[in-house]
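Chains as they are written, first to last, in our numbering: chain W, 1 to 155; chain Z, 156 to 310; chain A, 311 to 465; chain C, 466 to 620.
There are 4 protein chains.
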Amino acid sequence: MTQERKFQVGVIGAGTCTPEEAQAAYIVGQEIARRGAVLVCGGLGGVMEAACQGSKDAGGTTVGIVPTSRKEDANPYVDIAIVTNMGHARNAIVVSSSDILIAVAGEYGTLCEIALGLKMGKTIVSLAGGWDIEGVVTAKSPGLAVDTAFKILLQ
Amino acid sequence: MTQERKFQVGVIGAGTCTPEEAQAAYIVGQEIARRGAVLVCGGLGGVMEAACQGSKDAGGTTVGIVPTSRKEDANPYVDIAIVTNMGHARNAIVVSSSDILIAVAGEYGTLCEIALGLKMGKTIVSLAGGWDIEGVVTAKSPGLAVDTAFKILLQ
Amino acid sequence: MTQERKFQVGVIGAGTCTPEEAQAAYIVGQEIARRGAVLVCGGLGGVMEAACQGSKDAGGTTVGIVPTSRKEDANPYVDIAIVTNMGHARNAIVVSSSDILIAVAGEYGTLCEIALGLKMGKTIVSLAGGWDIEGVVTAKSPGLAVDTAFKILLQ
Amino acid sequence: MTQERKFQVGVIGAGTCTPEEAQAAYIVGQEIARRGAVLVCGGLGGVMEAACQGSKDAGGTTVGIVPTSRKEDANPYVDIAIVTNMGHARNAIVVSSSDILIAVAGEYGTLCEIALGLKMGKTIVSLAGGWDIEGVVTAKSPGLAVDTAFKILLQ
Numbered sequence: 001m002t003q004e005r006k007f008q009v010g011v012i013g014a015g016t017c018t019p020e021e022a023q024a025a026y027i028v029g030q031e032i033a034r035r036g037a038v039l040v041c042g043g044l045g046g047v048m049e050a051a052c053q054g055s056k057d058a059g060g061t062t063v064g065i066v067p068t069s070r071k072e073d074a075n076p077y078v079d080i081a082i083v084t085n086m087g088h089a090r091n092a093i094v095v096s097s098s099d100i101l102i103a104v105a106g107e108y109g110t111l112c113e114i115a116l117g118l119k120m121g122k123t124i125v126s127l128a129g130g131w132d133i134e135g136v137v138t139a140k141s142p143g144l145a146v147d148t149a150f151k152i153l154l155q
Numbered sequence: 156m157t158q159e160r161k162f163q164v165g166v167i168g169a170g171t172c173t174p175e176e177a178q179a180a181y182i183v184g185q186e187i188a189r190r191g192a193v194l195v196c197g198g199l200g201g202v203m204e205a206a207c208q209g210s211k212d213a214g215g216t217t218v219g220i221v222p223t224s225r226k227e228d229a230n231p232y233v234d235i236a237i238v239t240n241m242g243h244a245r246n247a248i249v250v251s252s253s254d255i256l257i258a259v260a261g262e263y264g265t266l267c268e269i270a271l272g273l274k275m276g277k278t279i280v281s282l283a284g285g286w287d288i289e290g291v292v293t294a295k296s297p298g299l300a301v302d303t304a305f306k307i308l309l310q
Numbered sequence: 311m312t313q314e315r316k317f318q319v320g321v322i323g324a325g326t327c328t329p330e331e332a333q334a335a336y337i338v339g340q341e342i343a344r345r346g347a348v349l350v351c352g353g354l355g356g357v358m359e360a361a362c363q364g365s366k367d368a369g370g371t372t373v374g375i376v377p378t379s380r381k382e383d384a385n386p387y388v389d390i391a392i393v394t395n396m397g398h399a400r401n402a403i404v405v406s407s408s409d410i411l412i413a414v415a416g417e418y419g420t421l422c423e424i425a426l427g428l429k430m431g432k433t434i435v436s437l438a439g440g441w442d443i444e445g446v447v448t449a450k451s452p453g454l455a456v457d458t459a460f461k462i463l464l465q
Numbered sequence: 466m467t468q469e470r471k472f473q474v475g476v477i478g479a480g481t482c483t484p485e486e487a488q489a490a491y492i493v494g495q496e497i498a499r500r501g502a503v504l505v506c507g508g509l510g511g512v513m514e515a516a517c518q519g520s521k522d523a524g525g526t527t528v529g530i531v532p533t534s535r536k537e538d539a540n541p542y543v544d545i546a547i548v549t550n551m552g553h554a555r556n557a558i559v560v561s562s563s564d565i566l567i568a569v570a571g572e573y574g575t576l577c578e579i580a581l582g583l584k585m586g587k588t589i590v591s592l593a594g595g596w597d598i599e600g601v602v603t604a605k606s607p608g609l610a611v612d613t614a615f616k617i618l619l620q
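Okay, structure coming up:
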């Protein structure tokens with residue numbers, strides 16, 4: 001990566017979530033923006049939307065890699081919509097476009113992304129309470145998750 | 156599916172495996188062929204190759220959906236090579252092209268396929284000793300795994 | 311490719327076509343099967359369906375790489391349905407899975423496949439009357455198109 | 466699209482090009498940035514790099530959707546690198562992520578993107594001297610190409 005290109009941090013999690021998960025995702029998005037990184041996600045609702053909103057509220061840039069054929073399907077906090085029309089196969093693009101990934105809760109789609117990330121040799125930081133898969137780094141709070149991610153990125 | 160089209164049964168597992176896993180995969184492939192179904196897999200070595208070999212030895216048809224850009228990368232027991240040049244994103248095509256999936260051991264790539272399958276509402280039958288993910292049906296032997304899969308397919 | 315694996319011949323053309331185009335595609339499919347090769351196509355109607363029907367009537371094997379998420383969307387003459395859920399991006403898989411391609415008429419989707427094939431260094435044989443793009447080999451009849459394709463494959 | 470999301474304008478053309486084509490692509494990139502739109506491209510060299518450079522020099526934002534598995538393969542003027550690892554199939558994502566496309570010269574890869582764009586119902590504006598395909602809008606200069614594109618976008 002050229003020195004000038006910003007870090008791209010993936011946020012993964014389900015398209016529907018609890019208010020607590022949304023709050024955690026919002027903080028993750030905010031902290032990513034505050035560190036000057038671009039937020040990459042799947043572009044839909046739930047955790048993805050909350051993280052994008054947090055990032056935008058902190059002045060960041062957000063990328064949504066949507067599974068459908070329409071830019072309009074991206075959540076309103078997505079700046080740049082990548083339209084894949086590839087369904088779940090777009091998960092691989094979310095993962096490979098991210099320098100590191102932070103998982104907020106999530107179900108089977110998120111588990112797939114975690115597994116892909118580990119397969120590709122990427123670090124996955126997961127908020128406590130999410131999938132507990134060997135090889136994932138866990139963090140006790142959204143702020144600590146982003147701290148941990150950037151410590152690893154900047155090593 | 157038209158009544159005449161054969162069932163397509165996916166076999167998922169790692170590209171390198173132990174002799175015991177290869178033996179299990181071989182039996183799974185054999186039993187799929189004996190029931191007249193087409194075997195679908197990722198087309199490479201390890202579990203995929205052993206399953207294809209079992210299927211060919213029992214007179215079956217095998218499909219390998221390879222991640223690379225070359226038909227030649229398919230293992231020698233693949234009849235029909237689908238060349239995706241899509242890397243890990245081809246996992247989604249293996250899963251969506253299968254009416255049901257049988258997992259033999261496997262690591263992160265297999266975990267991704269299991270997660271995708273569950274996300275798409277497909278049944279995953281896993282040999283005991285593999286990934287233990289909520290929603291997966293486990294089977295104690297290769298023969299029982301195929302039995303279980305066909306009972307579910309024919310319901 | 312192992313010596314034993316059959317040739318995979320792609321047939322490309324539009325999902326709706328005239329009776330004359332369907333007749334030409336049917337003959338192309340028949341001749342591919344008579345030479346023992348597997349027919350690969352996009353799996354839908356029009357030219358794809360007519361070619362598959364010709365192949366099946368001559369005892370061949372047919373593969374349909376469909377753009378949707380449902381095996382049932384393949385035409386009834388497809389033996390093996392590859393379900394990509396990738397829309398037009400599946401064109402690249404049709405092309406890279408084919409050792410050589412035969413174009414029957416066709417519109418923009420076919421033009422894309424011709425261009426991809428040429429980009430990947432594959433030979434494209436086109437029936438007279440279809441897209442006239444530099445680098446495409448033209449043939450005056452369906453029979454001659456298949457003759458030409460196999461002469462090139464067997465060189 | 467939400468009213469706030471910027472237009473995404475695709476620039477398509479070959480990975481190697483003449484100095485004249487690079488100059489034209491540079492002006493196209495510059496004019497896209499001056500109108501406040503995001504430039505989307507395939508992320509590599511030649512026309513893609515020149516267009517990104519023009520856009521960056523005018524203060525714009527650039528997105529490179531690369532065919533490989535490495536963010537580092539994007540040209541140095543790409544702000545946001547989307548890593549597809551999908552080879553030529555990534556062309557479909559370049560096209561579907563663009564509200565409108567401008568073609569600068571180009572060879573078979575560009576022809577494929579033009580065909581995909583027309584198939585998806587997108588407007589393609591092509592600089593004189595490039596592919597002359599029915600349905601493409603031609604423009605006599607880089608400036609006029611961008612003018613035409615925005616007139617159509619703002620209709």
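Beta carbons are placed, not taken as given, at the ideal position from N, Cα and C, and that holds for glycine.
Would you say A/N395 lies against chain Z (beta-carbon separation less than 8 Å)? yes
6 Å CB neighbourhood of C/E572 in its chain, flanking five on each side removed: A479
Cross-chain neighbours of W/I65 in chain C, by beta carbon under 8 Å: I547
Along the chain, where does the beta strand (DSSP E) that runs through A/T372 open and close? Taken as a continuous stretch (DSSP letters only), the beta strand (DSSP E) holding A/T372 covers 372-376.
Consult DSSP for Z/V292 and reduce its assignment to one of helix, strand or coil. Secondary structure at Z/V292: strand, using DSSP grouped into helix, strand and coil.
Check C/G552 in the structure and name its three-state DSSP category. helix
Would you say Z/G264 faces chain B, with C-beta separation under 8 Å as the test? In summary, chain B is missing from the structure at hand, where the protein chains are W, Z, A and C.
Which whole runs of the alpha helix (DSSP H) in the region 390-442 of chain A are 4 residues long or more, in chain order? 400-406, 418-429
Below 6 Å CB to CB, which residues in the same chain sit around A/G431 once its five sequence neighbours on both sides are set aside? There are no such residues.
Should A/L426 be flagged as near chain C, meaning a C-beta pair shorter than 8 Å? yes
Taking Cβ to Cβ, would you say W/G45 is nearer than 8 Å to W/I27? The answer is no: Cβ separation not under 8 Å.
Interface flag, W/K119 vs chain C, CB-CB below 8 Å: no
With a threshold of 8 Å between beta-carbons, can A/S379 be considered close to chain W, or not? yes
Find out if the Cβ-Cβ distance for the pair A/A391, A/G374 is shorter than 8 Å. yes
Does the distance from the CB of W/T110 to the CB of W/I152 come in under 8 Å? No, they are not a contact pair.
contact_flag[the region 387-405 of chain A, the region 532-542 of chain C] where n(CB pairs < 8 Å) is 3 or more: no
Which whole-angstrom value is the C-beta distance of W/G143 and W/V104, which I expect to be below 8 Å? With a Cβ gap of about 13 Å, W/G143 and W/V104 do not count as contacting.
Can the beta-carbon of W/I102 be found closer than 8 Å to that of W/A149? yes
Could you tell me which of Z/R225, Z/A188, Z/Q178 sits nearest to Z/K161, measuring between CA atoms? Z/A188
Nearest-angstrom Cα distance between A/C351 and W/R70? Straight through space, the alpha carbons of W/R70 and A/C351 are spaced by roughly 26 Å.
Near-chain A residues of the region 555-573 of chain C - C-beta to any C-beta below 9 Å: For the region 555-573 of chain C, which is checked against every Cβ of chain A, the residues closer than 9 Å are R555, N556, A557, I558, V560, S561, E572, Y573.
Beta carbon of W/A139, beta carbon of W/V125: below 8 Å? Contact annotation: W/A139 and W/V125 have beta-carbon atoms nearer than 8 Å.
Count the other CB atoms, across all protein chains shown, that sit within 10 Å of the CB of W/Q30; report buried if there are 16 or more and exposed otherwise. buried
Mapping the DSSP letters down to three states, classify C/T467 as helix, strand or coil. Note that C/T467 scores 44 on pLDDT, short of 50, meaning its location in the model is unreliable; the coordinates nonetheless yield the value given after this. Note: C/T467 maps to coil in three-state DSSP.
Just list the residues that DSSP pairs Z/Q208 with in beta bridges. Bridge partners of Z/Q208: none, in fact.
Do you know whose CA, among C/R500, C/Q620, C/D597, C/L592, lies nearest C/A490's CA? C/L592
Where the beta strand (DSSP E) containing A/A318 begins and where it ends: According to the sequence provided, residue 318 of chain A is Gln. The question's Ala does not apply to it. Here the beta strand (DSSP E) through A/Q318 covers 318-322.
Shortest alpha-carbon distance to W/C52 belongs to which of W/I12, W/G87, W/K119, W/N85? W/I12
Using only CA atoms, which one of A/Q465, A/L428, A/T326 lies nearest to A/E444? A/L428
Which first and last residues belong to the beta strand (DSSP E) in which A/L454 is found? Segment 452-463 is the alpha helix (DSSP H) holding A/L454; no beta strand (DSSP E) there.
Amino acids of chain C, ordered along the chain, whose beta-carbon sits closer than 7 Å to that of W/D73: By Cβ distance, chain C contributes nothing, its closest Cβ being about 10 Å from W/D73, past 7 Å.
With C-beta atoms as the reference, is A/E423 less than 8 Å away from A/N395? no
W/V78 - containing beta strand (DSSP E), residue span: From DSSP, W/V78 is part of no beta strand (DSSP E); its letter is neither H nor E.
Neighbour-count burial assignment, C/E486, 16 or more Cβ in a 10 Å radius: Per the 10 Å Cβ criterion, buried.
So the candidates are C/S606, C/D597, C/Q473, C/V601; which of them puts its Cα closest to the Cα of C/T527? Ranking C/S606, C/D597, C/Q473, C/V601 by Cα distance to C/T527 puts C/Q473 first.
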